[in-house]
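Residue numbers (my numbering), protein chains in the order written: chain L, 2 to 251; chain W, 107 to 416.
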């Protein structure tokens, strides 16, 4: 079974983002970029399926600027077999990305698509569900465990009340949550080997997809900060403040 | 203008996020209809009909909606969509699962997790773990929205008397099947609606130590939460997680115990009215957002807190 893993290049999750002075967006010049952490978990999940003999080939896909190649190389170094870049300098919204991925899926015909549940830049949490809808495939979101059972895929989902188990008909879409696995680091020899793995480049036009944004970003601003508080010296003082100053306890 | 709120429910009653979603629909203006799709969901539909401001409840009582799987629910939403200017659900795991699928089928770019409504097509939403706020305008004919529940006060549970209209189902797609659930059960208030939340982090060191927090929580009528580090370490179940990728809470009082305060955690709690931090590390970033900080060993401070609460 071929597994497709769409991944996204984002500002490194450890970097504190800054809003641009003109409020048009956040500062990305000279900022460290990395693979979205949830995408790393998706890549790892695919590699484990291959190591278990379930997956035969792993194809990593990214949509975005030319530098997204670096993110794809990281996926190749982790263990993906080949990569596809859908190159575009446009702002790509989740619906546009889902349409691009649908076109790639129709060409590649994977049995399973594994994605991160959300990207930590725009925190949309949409792409996997949208792709599943466009393809008419089954979906399992927020997944912390997967197992192939007969003809289907059993997935454990982290939902608001606890855990939920669903069985999906294949082919299917899975979006992964934090507890599914701990992604591996790429070793130096594998980073070298990854440079020789195939990386194809296509464009939205090649795929026949209109990626025109539907949303206009009117302004990006900093959220109101919190006022610095005070340190208290004891539990007794804390309770006194909460009762008599903040009045949140009676 | 009219809004369809997709109710989250368990057939017997509404989930709390539905009350916030109806409240957001009220902020949009126009008629509010609520879709209750389930199996044997008459009680949930009746609860939706009692919400003030709701003009009509659409009840789709059919086997394929028993567990509200996205594959079966999205086609129903799509069938109804043309009658509405806005489709709206709470940004819970339910809303996040279903709405993008419906949006894609409608060829609409959803606006996720909106925290403010500035007009019928203009919304503010947090991005980058809440480190920035984006004001966006949707140019789609139908707006598909999920709503950050903490910024829209819930509507009352009674006072309305909407008509209930029965809908036929769309039929089972047969793509996915519900195969069981393990829900975390406790008698405490729900994390996202509790007035007081006490959360533990990596500093708790073991799941047994969460017992200390539970004792304090029971005295305060509080819910218990956790940081990602505590959940990843197995100290607390996944549904306790507060943060960018977990639950967003904004209680009157949030007590962070042994939590360092990574931006991903702050994203889920910094709108709390009063924040208390208990941490032995004076330099922990949590103190930068705390109204009251206590630099102390939690294994002394929490039992002391428990004792002094009587």
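Just so it is clear, CB atoms sit at the ideal spot from N, CA and C, and this is done for glycine as well.
Q: Can you pull the chain L residues whose beta carbon is under 8 Å from the beta carbon of residue 228(W), in chain order?
A: Locating residue 228(W) in the second chain gives position 122, where the first residue counts as 1. Chain-ordered, the chain L residues with CB closer than 8 Å to the CB of residue 228(W) read 219.
Q. Span of the beta strand (DSSP E) holding residue 385(W)?
A. The count along the second chain starts at 1 and reaches residue 385(W) at position 279. Residues 380 to 385.
Q: Less than 8 Å between the CB atoms is what I'm expecting for residue 492(W) and residue 258(W), so what's the real figure, rounded?
A: Nothing can be reported for residue 492(W), as the shown portion of chain W is limited to 107 through 416.
Q. In chain order, what residues of the segment 245 to 264 of chain W put their CB closer than 7 Å to some CB of chain L?
A. 245, 246
Q: Starting from residue 301(W), follow the alpha helix (DSSP H) in both directions and report where the run begins and ends.
A: Residue mapping note: residue 301(W) aligns to position 195 of the second chain, counting from 1. From DSSP, residue 301(W) is part of no alpha helix (DSSP H); its letter is neither H nor E.
**Q.** With 16 other Cβ atoms within 10 Å as the buried cut-off, status of residue 269(W)
**A.** Counting from one through the second chain, the residue named residue 269(W) turns up at place 163. Exposed.
**Q.** Contacts of residue 395(W) in chain L (Cβ-Cβ under 7 Å)
**A.** Mapped onto the second chain, residue 395(W) falls at position 289. Within 7 Å Cβ-Cβ: 227.
Q.
Need the endpoints of the alpha helix (DSSP H) that residue 130(L) sits in, please.
A. Residue 130(L) sits at position 129 when you count from the first residue of the first chain. That run of the alpha helix (DSSP H) goes 128 to 136.
Q: Report the residue from 132(W), 322(W), 303(W), 314(W) whose alpha carbon sits nearest the alpha carbon of residue 357(W).
A: Start at 1 with the first residue of the second chain, and residue 357(W) comes out as number 251. Residue 303(W) is the option with its Cα nearest to residue 357(W).
Q: Output, in chain order, the set of chain L residues within a Cβ distance shorter than 9 Å of residue 411(W).
A: As a position in the second chain, residue 411(W) is number 305, starting the count at 1. Going along chain L in sequence order, the residues near residue 411(W) (Cβ under 9 Å) are 236, 239, 240.
Q. Which residues mark the beginning and the end of the beta strand (DSSP E) in which residue 6(L) is found?
A. Working through the first chain from its first residue, we reach residue 6(L) at position 5. That run of the beta strand (DSSP E) goes 3 to 8.
Q) Does DSSP classify residue 43(L) as helix, strand or coil? A) By 1-based counting over the first chain, the position of residue 43(L) is 42. It is helical.
Q: With a cut-off of 8 Å on the beta carbons, I'd call residue 322(W) and residue 412(W) a contact; round off their distance for me.
A: What you label residue 322(W) is simply residue 216 of the second chain in a count that begins at 1. What you label residue 412(W) is simply residue 306 of the second chain in a count that begins at 1. Yes, they are in contact, since the Cβ atoms of residue 322(W) and residue 412(W) sit about 5 Å apart, within 8 Å.
Q: With 9 Å as the C-beta to C-beta threshold (strictly closer), list the residues of the segment 119 to 142 of chain L near chain W in chain order.
A: 119, 121, 122, 123, 124, 125, 126, 127, 128, 129, 130, 131, 132, 133, 134, 135, 137, 138, 139, 140, 141, 142
Q. Enumerated in chain order, which unbroken segments of the alpha helix (DSSP H) with a length of 4 residues or greater are wholly contained in the segment 276 to 357 of chain W?
A. With a minimum length of 4 residues, the continuous alpha helix (DSSP H) runs that stay inside the segment 276 to 357 of chain W are 316 to 326, 334 to 338.
Q. Are the C-beta of residue 216(W) and some C-beta of chain L separated by less than 7 Å?
A. Stepping through the second chain from its first residue, residue 216(W) is reached at position 110. True, the Cβ-Cβ gap to chain L drops below 7 Å.
Q: Kindly indicate which residue of 61(L), 26(L), 4(L), 246(L) has the alpha-carbon position closest to the one of residue 201(L).
A: Mapped onto the first chain, residue 201(L) falls at position 200. Of the listed residues, the one whose Cα sits closest to residue 201(L) is 61(L).
Q. Which of the residues in the segment 165 to 187 of chain L, read from start to end, lie with their CB under 7 Å from any CB of chain W?
A. 165, 166, 167, 168, 169, 170, 179, 180
Q. Which term fits residue 91(L), buried or exposed, when burial requires 16 or more other beta carbons within 10 angstroms of its beta carbon?
A. Indexing the first chain from 1 puts residue 91(L) at position 90. So residue 91(L) ends up on the exposed side.
Q.
Would you call the segment 344 to 363 of chain W in contact with the segment 194 to 212 of chain L, where contact means no fewer than 3 C-beta pairs closer than 8 Å?
A. no
Q) Where residue 278(W) and residue 367(W) are concerned, what is the direct C-alpha to C-alpha distance, given to the nearest angstrom? A) The sequence position of residue 278(W) within the second chain is 172, counting from 1. The sequence position of residue 367(W) within the second chain is 261, counting from 1. One C-alpha to the other measures close to 45 Å.
Q: Look up residue 252(W) in the DSSP assignment and say whether it is helix, strand or coil.
A: Working through the second chain from its first residue, we reach residue 252(W) at position 146. Here residue 252(W) sits in strand by DSSP.
(Q) Does the CB of residue 174(W) have a neighbour CB from chain L at under 7 Å? (A) The sequence position of residue 174(W) within the second chain is 68, counting from 1. Answer no: the Cβ-Cβ gap between residue 174(W) and chain L never drops below 7 Å.
(Q) Closest to residue 283(W) by C-alpha separation, out of 416(W), 170(W), 142(W), 387(W), would be which residue? (A) Reading the second chain from its first residue, position 177 is the one you call residue 283(W). Checked all of 416(W), 170(W), 142(W), 387(W); the closest Cα to residue 283(W) is 170(W).
Q. Thinking C-alpha only, which one of 139(W), 355(W), 205(W) is nearest residue 181(W)?
A. Taking the first residue of the second chain as position 1, residue 181(W) is located at position 75. The shortest C-alpha separation from residue 181(W) is found at 205(W).
Q: Would you list the one or two residues that DSSP bridges to residue 117(L)?
A: By one-based count along the first chain, residue 117(L) stands at place 116. Beta-bridge pairing links residue 117(L) to 177(L).
Q: Scan the segment 271 to 294 of chain W for residues whose Cβ lies nearer than 9 Å to a Cβ of chain L and list them as they occur along the chain.
A: 279, 280, 281, 282, 283, 284, 285, 286, 287, 288, 289, 290, 291
Q) Can residue 235(W) and residue 219(W) be called in contact, C-beta distance under 7 Å? A) Mapped onto the second chain, residue 235(W) falls at position 129. Mapped onto the second chain, residue 219(W) falls at position 113. The answer is no: Cβ separation not under 7 Å.
Q: Give the interface partners of residue 369(W) over in chain L, defined as CB-CB distance under 8 Å, in chain order.
A: Translated into the one-based positions of the second chain, residue 369(W) becomes position 263. Under the 8 Å cutoff, chain L gives 17.
Q.
Let's test the definition: count the other Cβ atoms within 10 Å of the Cβ of residue 69(L) and tell me whether it reaches 16, buried, or not, exposed.
A. Here residue 69(L) refers to the residue found at position 68 when the first chain is read from its first residue. Result: buried.
Q: Find the residues of chain W that neighbour residue 155(L), judging by a C-beta separation of less than 9 Å, and give them in chain order.
A: Reading the first chain from its first residue, position 154 is the one you call residue 155(L). Near residue 155(L) (Cβ distances below 9 Å), the residues of chain W are 285.
(Q) Please list the terminal residues of the continuous alpha helix (DSSP H) segment that includes residue 185(L). (A) Along the first chain, read from residue 1 onward, the residue named residue 185(L) stands at position 184. Where residue 185(L) is concerned, there is no enclosing alpha helix (DSSP H), given that its DSSP letter is neither H nor E.
**Q.** Nearest neighbour of residue 210(W), chosen from 148(W), 190(W), 184(W), 141(W) [CA to CA]
**A.** Residue mapping note: residue 210(W) aligns to position 104 of the second chain, counting from 1. When each option's Cα is compared against that of residue 210(W), the closest is 184(W).
Q) Which two residues bound the contiguous beta strand (DSSP E) that contains residue 232(W)? A) Here residue 232(W) is taken as the residue at index 126 of the second chain, counted from 1. 228 to 233 is the extent of the beta strand (DSSP E) around residue 232(W).
Q: Starting from residue 400(W), trace the alpha helix (DSSP H) both ways and give me its first and last residue.
A: Position 294 of the second chain, counted from the first residue, corresponds to residue 400(W). Element bounds for residue 400(W): not the alpha helix (DSSP H) but the beta strand (DSSP E), 398 to 401.
Q. What distance in whole Å lies between the Cβ atoms of residue 184(L) and residue 41(L), which are believed to be in contact at a cut-off of 8 Å?
A. Translated into positions along the first chain, residue 41(L) becomes position 40. Translated into positions along the first chain, residue 184(L) becomes position 183. Contact between residue 41(L) and residue 184(L) holds: their C-beta atoms lie close to 4 Å from each other, under 8 Å.
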